[in-house]
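Asker: Below: one structure in structure tokens.
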Amino acid sequence: MIYRECNQAFCEYLGLSRDQIVGRSVYDIAPKGKADVYYQKDLEVLHSGETQFYETGVQFRDGSTRRVFFTKARFTDDKGVPRGLVGTMLDITERIEREQQIRFQAELLDSVGQAVVATDVDGTIRYWNEAAHTLYGWRASEVIGRTVQDVIPVMDTDEDLDLLWSDMVAGNRRQGELTFMRKDRTTFPGYVVNSPWYDDEGELIGMIGVVADITDMKEARDRLEESEQQLRELAMHMEQVRENERTAISRELHDELGQALTALKMDISWLEKHLEQNEANIQSKFQSMIDLIDTTIDSVKRMSAELRPGILDDLGLIDAIEWQIDEFSKRYDIEVEATLPADTDELTKQKSVAVFRILQETLTNVARHAKADSVTVNLNIVDGRLQLEVKDNGRGITAQEIEDTQSFGLIGMQERVRHHGGVFTIEGKPGEGTMVQVGIPVCPEEGIDD
2 MIYRECNQAF CEYLGLSRDQ IVGRSVYDIA PKGKADVYYQ KDLEVLHSGE
52 TQFYETGVQF RDGSTRRVFF TKARFTDDKG VPRGLVGTML DITERIEREQ
102 QIRFQAELLD SVGQAVVATD VDGTIRYWNE AAHTLYGWRA SEVIGRTVQD
152 VIPVMDTDED LDLLWSDMVA GNRRQGELTF MRKDRTTFPG YVVNSPWYDD
202 EGELIGMIGV VADITDMKEA RDRLEESEQQ LRELAMHMEQ VRENERTAIS
252 RELHDELGQA LTALKMDISW LEKHLEQNEA NIQSKFQSMI DLIDTTIDSV
302 KRMSAELRPG ILDDLGLIDA IEWQIDEFSK RYDIEVEATL PADTDELTKQ
352 KSVAVFRILQ ETLTNVARHA KADSVTVNLN IVDGRLQLEV KDNGRGITAQ
402 EIEDTQSFGL IGMQERVRHH GGVFTIEGKP GEGTMVQVGI PVCPEEGIDD
């Protein structure tokens, strides 16, 4: 069969002139392997008279291949005698590539294991992957063409859809935790990421939402938070037990041991007075014993105060802080400038103890690590919150020291403040010092200071 006519588009597509095509056979134009296929197809149409539609590849002389869609039909003369074929050819290479890309993307989206839903700018669902079917219970055939609000209502948000679309227009991504409803009306917590969807020209044509069921993760997180809360409560209970033990031991040291030592001193003094004056060696020994008892009494008072200063229970937080600052300055020769309120009667006993222990731990850290020679302490109550600030002029704590999981002193202070619903911060600047800030609500919280 010989080509008798062709249009200009056919010539341009093959890259040949009309003279190179008309009067020649398919074997003159196509490689032999392809020419055999085309020839057999043409014979089938010529003999059967049935119009054929088929897709095939066209291989050019340079070895490149494109996909085309052929339509071929037989034509006859006035007597009905077959005279030849007429055909049209449509290049579908780009369409096939797009379809392949779409299929690949669909397979990819199905493989991620998360629900992927695409909507147009009107909120109408245009794509629904298999994971969305598994998650929501709706098949793609049931939801394509319906609005996303109708199919998967969000249960716990009054988010303005206009605001959501404003973000999409701006090219912003929106994400967060929401509660969704399935087809069977049950609900589940999900983490959603909404992203703008653009066409090949960069025009916004919709939105793509990816949703993951976070039920297991949320339950695990809730269990972890509950466990952490129980551990915090246990730690604070143990701290309260230790505080009570310190108080008891302090009182026993002060009352029983202190009184016993005082009585022993009085007895030795009585014996000293009743000995003969010429017993110089014995007199010296008695004086040495009295001096040792005095030193022991001072040590007992110091240990008792360090365990639990009686002034904290007897006179209150302000007097206890003044005593602690005075003791600190004397022991470490570090100047302390303090600004304190007249009283803190609004504070509960537990909070007063917490503030005192935090100050005590902070001053201890200054003495051990800061290399400072001055400290400022500011304590006040503003708008129902107690605010404590302690600042030194030392080397400055480092971020690594703050984040060190072995910094049990800092962790203890943080947990004390957290237990009372407060805020604890600490920051340091190299060569400028360290500042500790504590804010605690004055009013007691239910279940904390009872």
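Whatever position you read off the sequence shown (first residue = 1), add 1 for our numbering.
Here a beta-carbon is modelled for each residue, glycine too, at the ideal position from N, C-alpha and C.
Determine the extent of the beta strand (DSSP E) in which Q53 is found, giving its start and end residues.
Answerer: Taking the sequence shown and counting its residues from 1, one reaches residue 53 at position 52. Element bounds for Q53: 53-60.
Asker: For my contact list, V391 and L360 are in at a C-beta cut-off of 8 Å; report their separation, rounded to the angstrom.
Answerer: Sequence index remark: in the sequence shown, residue 391 carries index 390 (1-based). Sequence index remark: in the sequence shown, residue 360 carries index 359 (1-based). Right, the Cβ-Cβ distance comes to about 7 Å (below 8 Å), so this counts as a contact.
Asker: Any idea which residues DSSP pairs P197 with across the strands?
Answerer: For the purposes of this step, residue 197 is identified with residue 196 of the sequence shown, where counting begins at 1. DSSP output for P197 lists M208 as bridge partner(s).
Asker: Just list the residues that DSSP pairs E338 with in beta bridges.
Answerer: As a position in the sequence shown, residue 338 is number 337, starting the count at 1. Per DSSP, T377.
Asker: Using DSSP with H/G/I as helix, E/B as strand and the rest coil, what is M304?
Answerer: Within the sequence shown, the letter at position 303 stands for residue 304. Residue state, collapsed to three classes: helix.
Asker: If I follow the unbroken beta strand (DSSP E) through A74, where does it start and stop?
Answerer: Within the sequence shown, the letter at position 73 stands for residue 74. Unbroken beta strand (DSSP E) run through A74: 66-77.
Asker: Have a look at D79 and K35 and give me their C-alpha separation to the nearest angstrom.
Answerer: Here residue 79 refers to the residue found at position 78 when the sequence shown is read from its first residue. Here residue 35 refers to the residue found at position 34 when the sequence shown is read from its first residue. Distance between the alpha carbons of D79 and K35: 33 Å.
Asker: How about A368 and Y333: are their beta carbons less than 7 Å apart?
Answerer: Stepping through the sequence shown from its first residue, residue 368 is reached at position 367. Stepping through the sequence shown from its first residue, residue 333 is reached at position 332. Contact: yes.
Asker: If you run the structure through DSSP and keep just helix, strand and coil, what is Q84?
Answerer: Along the sequence shown, one-based indexing puts residue 84 at 83. Gln is not the amino acid found at residue 84; the sequence shown has Arg there. Reduced to three states, the DSSP call for R84 is strand.
Asker: So the candidates are Q115, D123, V122; which of them puts its Cα closest to the Cα of N130?
Answerer: Start at 1 with the first residue of the sequence shown, and residue 130 comes out as number 129. Of the candidates Q115, D123, V122, the one whose C-alpha sits nearest the C-alpha of N130 is Q115.
Asker: Given that a residue counts as buried once 16 or more other Cβ atoms are within 10 Å of its Cβ, and exposed if not, what is G434?
Answerer: For this step, residue 434 is matched to residue 433 along the sequence shown. Result: buried.
Asker: So what does F425 bridge to, in DSSP terms?
Answerer: Translated into the one-based positions of the sequence shown, residue 425 becomes position 424. Answer by DSSP bridge pairing, in chain order: V439.
Asker: Taking a contact to mean a Cβ-Cβ separation below 7 Å, would you say R386 touches P442 in this structure?
Answerer: Against the sequence shown, residue 386 aligns to sequence position 385. Against the sequence shown, residue 442 aligns to sequence position 441. Closer than 7 Å, so yes.
Asker: Can you give the Cα-Cα distance for F70 and G207, rounded to whole angstroms?
Answerer: Mapped onto the sequence shown, residue 70 falls at position 69. Mapped onto the sequence shown, residue 207 falls at position 206. Their Cα atoms are separated by approximately 32 Å.
Asker: Below 7 Å CB to CB, which residues in the same chain sit around F105 once its five sequence neighbours on both sides are set aside?
Answerer: Here the question's residue 105 lines up with position 104 in the sequence shown. Cβ neighbours of F105 beyond the five flanking positions: none.
Asker: For A321, count neighbouring C-beta atoms within 10 Å of its own C-beta (all shown protein chains included) and say buried if the count is 16 or more, exposed if not.
Answerer: If you number the sequence shown from 1, residue 321 lands on position 320. Counting Cβ neighbours within 10 Å, A321 comes out buried, since at least 16 surround it.
Asker: Is the stretch 192-201 touching the stretch 175-183 in the sense that three or more CB pairs, one from each, lie closer than 8 Å?
Answerer: A contact exists between the stretch 175-183 and the stretch 192-201.
Asker: Quick check on the burial criterion: 16 or more other C-beta atoms within 10 angstroms. Buried or exposed for A373?
Answerer: Indexing the sequence shown from 1 puts residue 373 at position 372. Label assigned to A373: buried.
Asker: Between the Cα of I145 and the Cα atoms of L164, D123, L313, which residue gives the shortest distance?
Answerer: Residue 145 sits at position 144 when you count from the first residue of the sequence shown. Answer by Cα proximity: D123.
Asker: Throw me the rounded Cβ distance for the L47 and L86 pair, which I believe falls under 8 Å.
Answerer: Numbered from its first residue, the sequence shown carries residue 47 at position 46. Numbered from its first residue, the sequence shown carries residue 86 at position 85. Going by Cβ atoms, the distance from L47 to L86 rounds to 6 Å, so yes, they are a contact pair.
Asker: Where do the ends of the alpha helix (DSSP H) carrying A141 lie?
Answerer: Here residue 141 is taken as the residue at index 140 of the sequence shown, counted from 1. Element bounds for A141: 141-144.
Asker: Tell me the rounded alpha-carbon separation between K331 and L318.
Answerer: Taking the first residue of the sequence shown as position 1, residue 331 is located at position 330. Taking the first residue of the sequence shown as position 1, residue 318 is located at position 317. K331 and L318: Cα-Cα distance of roughly 20 Å.
Asker: Using the rule of at least 16 other Cβ atoms within 10 Å of the residue's Cβ for burial, across every protein chain shown, is Q325 buried or exposed?
Answerer: Looking up residue 325 in the sequence shown gives position 324. Result: buried.
Asker: Among A31, I97, G88, which residue has its Cα nearest to the Cα of S65?
Answerer: Counting from 1 along the sequence shown, the entry for residue 65 is found at position 64. Closest by alpha carbon: A31.
Asker: For A133, is the classification buried or exposed, using 16 other Cβ atoms within 10 angstroms of its Cβ as the cut-off for buried?
Answerer: As a first step, residue 133 must be located in the sequence shown, where it is residue number 132. Per the 10 Å Cβ criterion, buried.
Asker: Indicate the three-state DSSP secondary structure (helix, strand or coil) for D450 in the structure shown.
Answerer: On the sequence shown, residue 450 is found 449 positions in, with the first residue counted as 1. At D450, the pLDDT of 48 sits below 50, so the modelled position is not reliable and the matter cannot be decided from this model.
Asker: Grab the span of the beta strand (DSSP E) containing Q388 for me, first residue to last.
Answerer: Position 387 of the sequence shown, counting from 1, holds the residue named residue 388. Counting along the chain, the beta strand (DSSP E) containing Q388 begins and ends at 386-393.
Asker: Please state if the CB of I97 and the CB of R75 are separated by a distance shorter than 7 Å.
Answerer: Numbered from its first residue, the sequence shown carries residue 75 at position 74. Numbered from its first residue, the sequence shown carries residue 97 at position 96. Contact: no.
Asker: Below 8 Å CB to CB, which residues in the same chain sit around C7 once its five sequence neighbours on both sides are set aside?
Answerer: Counting from 1 along the sequence shown, the entry for residue 7 is found at position 6. Within the same chain, C7 has close Cβ partners R19, I22, V23.
Asker: Look up S26 in the DSSP assignment and give the residues it is bridged to.
Answerer: Residue mapping note: residue 26 aligns to position 25 of the sequence shown, counting from 1. Paired residues: I3.
Asker: Rounding to the nearest angstrom, what Cα-Cα distance links R5 and Q101 in this structure?
Answerer: Counting from one through the sequence shown, the residue named residue 5 turns up at place 4. Counting from one through the sequence shown, the residue named residue 101 turns up at place 100. Each residue's Cα considered, the two are about 36 Å apart.
Asker: Taking Cβ positions, are I269 and M290 nearer each other than 7 Å?
Answerer: For the purposes of this step, residue 269 is identified with residue 268 of the sequence shown, where counting begins at 1. For the purposes of this step, residue 290 is identified with residue 289 of the sequence shown, where counting begins at 1. The answer is yes: Cβ separation under 7 Å.
Asker: Measuring only the C-alpha atoms, how far is L389 from L380?
Answerer: Along the sequence shown, one-based indexing puts residue 389 at 388. Along the sequence shown, one-based indexing puts residue 380 at 379. The alpha-carbon atoms of L389 and L380 are separated by roughly 5 Å.
Asker: Just curious, the alpha helix (DSSP H) that R417 is in, first and last residue?
Answerer: Residue numbering aside, residue 417 sits at position 416 when the sequence shown is read from its first letter. Segment 409-420, the alpha helix (DSSP H) holding R417.
Asker: For K219, which residues of its own chain have a beta-carbon under 7 Å away from its beta-carbon, when the five flanking residues on both sides are left out?
Answerer: Within the sequence shown, numbered from 1, the residue matching residue 219 stands at position 218. If we look at K219 and ignore the five residues flanking it on each side, its Cβ neighbours are P190.
Asker: Nearest CA to the CA of P83: which residue from G50, V376, T72, C12?
Answerer: To locate residue 83, count along the sequence shown from 1; it is residue 82. Closest option to P83, Cα to Cα, is G50.
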